[in-house]
Amino acid sequence: MRRLLLLTVAFLMLSHPPLAFAAGEKKEGGAPSEADLRIDLSGIGLPVMKDGRVVNFVFIRARIQLNPGLTKAEIETREPFIREGLVRSAYRTPLNSGTDYMALDPKKFEAALMREAKTALGANKVRSVELRDQKPQKRIYPPQSQTGARREVINP
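Per our numbering, the very first residue in the sequence shown carries number 428; after that it's consecutive.
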């Protein structure tokens, strides 16, 4: 009877959920994997400006590559700050080239995203940023500038 009791107690100790969780916690507490060291931003609508007015929106997908040193929880909690900072920055300084109303200038966008990511995560934590895709909300073509040609007015 004692042997059965000791075997049962030993079995329960080995399969106890808090002990199993503590063993798994050590794995997760280590360095994040390569997939965890990036932030994928998608569905952010950024304005296309002309003369201080919004004429269109471009929905973007972007990726931020990070250096090791941040935990997954820190990355997830700081992502909304990057999104908000990027949208605020796009309204302050237009990210489009001025001649194209359906796309953002990739260099301006990446500079703004790098600045906001470094502000939210830390200067040494961001490796690179990349604009992966952009889709306009509306198809708007710039007016023709030839003399005698019909000029269209862009009304948002």
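We put the CB at the ideal spot given by N, CA and C, even for glycine.
Note that this is a predicted model, so its numbers are computed, not measured.
Between the segment 515–527 and the segment 498–507, the count of Cβ pairs shorter than 8 Å is below three; the stretches do not touch. Going by DSSP, Pro474 is part of the beta strand (DSSP E) stretching over Arg465 to Lys477. The beta-bridge partner set that DSSP reports for Arg490 consists of Asp467 and Glu557. Rounded to the nearest angstrom, the gap between the Cα atoms of Ser516 and Glu543 is 8 Å. Spatial neighbours of Pro474 in its own chain (CB-CB distance under 7 Å, excluding positions within 5 residues in sequence) are listed in chain order as Val481, Phe484, Ala517 and Tyr518. If you draw a 10 Å sphere on the C-beta of Ala500, you find fewer than 16 other C-beta atoms in it, and that means exposed.
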